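Residue numbers (this note's numbering), protein chains in the order written: chain A, 1 to 65; chain B, 1001 to 1281; chain C, 2001 to 2410.
Encoded structure:
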């Protein structure tokens, strides 16, 4: 699965198969992280806009950076 | 023994003289004993039995007095396959639990790696692979008689003939201790070859001119190991599996039965025995 | 538990009535779970598989289920990449069917292997040249994607909609659905194909072995093609069954018609390719191994006779294909549904033939045919997907907005 694992050989089969596999995983993870990140931001923004009591801990208490 | 790039390449193989085989089954018994092969109290269902070496009984299907029989012992063929290592079973195993060793020509099986998908069993045209449908249960006291050099297999893994690889390891150790560069022919012999009372089984290095198998088989490695001896043949040559196991027979009908032929009128034998122990019982 | 009806406007039956109707299915599921536990605890000796039938009912069920679950990827492809936006009224359901099919396939795989706890070897010690490795990798990732694709429908549950995080999660996932659908299509192409490749690469089994393109035997492409044809048919069939049980119209007729037409063209083109492949195999590939193709169908004529070929190619291939591509055929209700059923049967027959007939057919001239009948444990566990599928569809239909146009159509 990884080049560090026993039996890994730097042949065309391993390179093509694993590079495509990891590319798919990376794209998928980027998609998932993007969705979760956007969701967190949207939820936070809505909480602030609605004057939610938790908004203090999420906005004012938050480090602006 | 071929020496290239500093490494020695051997190709261990076997030739079974079907003119000598009497179907006694000693090879099967020796194999089972040597390799700690498990068995059940009721072995009626032969399709779930494990017998790394199986003796088939073939018939020419002619009426008396032309009836002729032949016994054919069949272990794993240790196929080289195309591109040296593309054996039918090796190419399909998803976890590399089986591998072709180029330095010995032996197809190995790693029991601790196998997760029991049985794809290799489906791929093997010789049905030389067996699955452990149960955990091995040895009769009380018999566990003391197990061979300490061979690990028993638990349920859920595939096993097959290993050309008694543990004996090769012992022979290598012995040769190293004795300071020999080469393993003598008699130092590494399979259990079945040693047990055969008729001397029908010859085992050795096909690439070593000093080994008797080499002169019996006369393999042409430019033709995928095909034998130059007209009496010697391999099973299912057309599939190009390049087995390391050869058979020798002076009977044409036996040689004809080694492969599938396109002519439909050729009689196809149907009476066979999976295991000659069945005959005794 | 009181049903929280999607949008509160569409009536559902009472909980008592609902669970009473599900009772037989729950009993079936319980039977399956009992068999499953027996297999896991006692081992594969609980089945009727043997050293000849290394692959049997379960592997056939796996291949068939995955083919029928192909509706998810193909409908997704049509919706998001070919602009067939009208299919949005069935895409949620298609994805749900996909989730059920793939989770069932993974469950059956977990049962089928001798050492299930070693499943991670297939990733860690992967043999990249094996088709089964490809299947495992693609299946796993695609199953994750299917669950992600189902998320928006799940998030539309009224209780979850009240929680801002889940509401936004559903909306944001929906916004990126094209990406997930695209990855899903890519992975589906490979794993559906690899399942075909699994049999096609068996050069030791002349019945199954096929030549092909580079490393891929022709069965690779034929399997993907047939999955794309049969998957939508299966989705249509289940949608129709859901309509019959619920007593409501759930999918517009024009959507059913479109999906049936596309399926029809897929099956017709597939069966032409399949016929060409079979002829090539019979006249070129099999003879190279010393087999006249008729041997495969005459040595065990009752179980593996010519009838399989006729059934698969003609009855379940050409005939339903021709019905579904013709407008008259599709508009004739009974004929259309018979055609849909035949397509599904055809794909199941194809998988059966390539698995069971492959292992049954002896290769050595002196080996014999062996008969196989699945054990009750195998049957019970194979029915788990059926019972689980019914329960999941029933619960999803009851609590989620599975069919967006349900309100307009009723």
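We put the CB at the ideal spot given by N, CA and C, even for glycine.
Since we're looking at a predicted model, the values are computed, not measured.
ask   = Helix, strand or coil: how does DSSP classify residue 2198 of chain C here?
value = Three-state result, residue 2198 of chain C: helix.
ask   = If you follow the alpha helix (DSSP H) that residue 2275 of chain C is part of, which residue opens it and which one closes it?
value = Here the alpha helix (DSSP H) through residue 2275 of chain C covers 2253-2280.
message = Classify residue 2284 of chain C: buried if its beta carbon has 16 or more other beta carbons within 10 angstroms, exposed otherwise.
response = That one is exposed.
Pair within 8 Å by beta-carbon distance, residue 1206 of chain B and residue 1013 of chain B = In contact: residue 1206 of chain B and residue 1013 of chain B (Cβ atoms closer than 8 Å).
inquiry  = On the criterion of 16 or more Cβ atoms from any shown chain inside 10 Å, does residue 2276 of chain C qualify as buried, or is it exposed?
reply    = The residue is exposed, with fewer than 16 neighbouring Cβ atoms inside 10 Å.
key: Euclidean distance between Cα positions of residue 2388 of chain C and residue 2080 of chain C   = Each residue's CA atom was taken as its position, placing residue 2388 of chain C and residue 2080 of chain C some 29 Å apart.
ask   = Does at least one heavy atom of the ligand MN sit under 7 Å from the Cβ of residue 1255 of chain B?
value = This structure does not include the ligand MN; it has no bound ligands of any sort.
query = Excluding the five sequence neighbours on either side, which residues of its own chain have a C-beta within less than 7 Å of the C-beta of residue 1187 of chain B, listed in chain order?
reply = Sequence-distant Cβ neighbours of residue 1187 of chain B in its own chain, meaning closer than 7 Å and more than five residues away, are 1171, 1174 and 1175.
request  = Leaving aside the five residues before and after residue 2319 of chain C along the sequence, list all residues of the same chain whose C-beta is less than 8 Å from its C-beta, in chain order.
outcome  = The answer, listed in chain order, is 2339 and 2342.
query = Candidates C:2227, C:2294, C:2259 and C:2248: which alpha carbon is nearest residue 2350 of chain C's?
reply = Checked all of C:2227, C:2294, C:2259 and C:2248; the closest Cα to residue 2350 of chain C is C:2227.
request  = Output yes if chain C places a C-beta closer than 8 Å to the C-beta of residue 43 of chain A; else output no.
outcome  = At a cut-off of 8 Å, the C-beta of residue 43 of chain A has a neighbouring C-beta in chain C.
inquiry  = If you reduce the DSSP assignment to three classes, tell me which class residue 2152 of chain C lands in.
reply    = In the structure shown, residue 2152 of chain C sits in a helix (DSSP, three-state: H, G or I).
ask   = Pick from B:1125, B:1230, B:1166 and B:1141: whose alpha carbon is nearest that of residue 1254 of chain B?
value = The residue with the shortest Cα to Cα distance from residue 1254 of chain B is B:1230.
ask   = According to DSSP, is residue 1129 of chain B helix, strand or coil?
value = Here residue 1129 of chain B carries a strand assignment [DSSP, helix/strand/coil].
request  = Below 7 Å CB to CB, which residues in the same chain sit around residue 2071 of chain C once its five sequence neighbours on both sides are set aside?
outcome  = Cβ neighbours of residue 2071 of chain C beyond the five flanking positions: 2094, 2097, 2098, 2231, 2232, 2234 and 2235.
request  = Spell out the partners DSSP gives residue 1101 of chain B in its beta bridges.
outcome  = Paired residues: B:1106.
Within the segment 1175-1218 of chain B, ranges of the beta strand (DSSP E) (whole runs, at least 3 residues) = Taken in chain order, the complete beta strand (DSSP E) segments of 3 or more residues contained in the segment 1175-1218 of chain B are 1201-1205.
task = Please determine, among B:1142, B:1164, B:1140 and B:1026, the residue with the shortest C-alpha to C-alpha distance to residue 1150 of chain B.
result = Closest by alpha carbon: B:1164.
query = Sorted by chain position, which residues of the same chain lie with C-beta nearer than 7 Å to residue 2147 of chain C's C-beta, five sequence neighbours on each side aside?
reply = Excluding sequence neighbours, residue 2147 of chain C sits near 2099.
inquiry  = Taking the alpha-carbon of residue 2198 of chain C as reference, which of B:1259, B:1200, B:1100 and B:1118 has the nearest alpha-carbon?
reply    = Comparing Cα-Cα distances from residue 2198 of chain C to each of B:1259, B:1200, B:1100 and B:1118, the minimum goes to B:1118.
key: Residue-chain proximity (residue 1133 of chain B, chain C), Cβ-Cβ < 8 Å   = It does: the Cβ of residue 1133 of chain B has a partner Cβ on chain C nearer than 8 Å.
task = Give the secondary structure of residue 2049 of chain C by DSSP, where H, G and I count as helix, E and B as strand, and everything else as coil.
result = Looking at residue 2049 of chain C - three-state DSSP - the assignment turns out to be coil, as it is neither helix nor strand.
ask   = Can you tell which of C:2407, C:2399, C:2408 and C:2409 has its C-alpha closest to the C-alpha of residue 2153 of chain C?
value = For residue 2153 of chain C, the closest C-alpha among the options C:2407, C:2399, C:2408 and C:2409 is that of C:2399.
ask   = Quick one: complete alpha helix (DSSP H) runs, 4+ long, within the segment 2134-2187 of chain C?
value = Counting only unbroken stretches of 4 or more residues, the alpha helix (DSSP H) elements lying wholly within the segment 2134-2187 of chain C are 2158-2161 and 2164-2175, in sequence order.
ask   = Does any CB atom of chain A fall closer than 8 Å to the CB of residue 2381 of chain C?
value = No, no contact with chain A.
request  = Quick one: residues in its chain with C-beta nearer than 7 Å to the C-beta of residue 61 of chain A, no 5 flanking neighbours on either side, listed in chain order?
outcome  = In this predicted model, residue 61 of chain A has a pLDDT of only 48, less than 50, meaning its place in the structure is not dependable enough to derive any value.
Proximal chain C residues relative to residue 1028 of chain B, where beta-carbon distance stays under 9 Å = Simply none; closest approach about 15 Å.
Under the three-state DSSP convention, the category residue 2372 of chain C falls into = Reduced to three states, the DSSP call for residue 2372 of chain C is coil.
task = Answer yes or no: do residue 1027 of chain B and residue 1073 of chain B have a C-beta to C-beta separation smaller than 8 Å?
result = Between residue 1027 of chain B and residue 1073 of chain B, the C-beta gap is smaller than 8 Å, which places the two residues in contact.
request  = Using a Cβ-Cβ cut-off of 8 Å, state whether residue 2179 of chain C counts as contacting chain A.
outcome  = Yes, because at least one Cβ of chain A sits closer than 8 Å to the Cβ of residue 2179 of chain C.
ask   = Closest by CA to residue 2246 of chain C, which one among C:2025, C:2406, C:2028 and C:2077?
value = Nearest of C:2025, C:2406, C:2028 and C:2077 to residue 2246 of chain C, Cα basis: C:2406.
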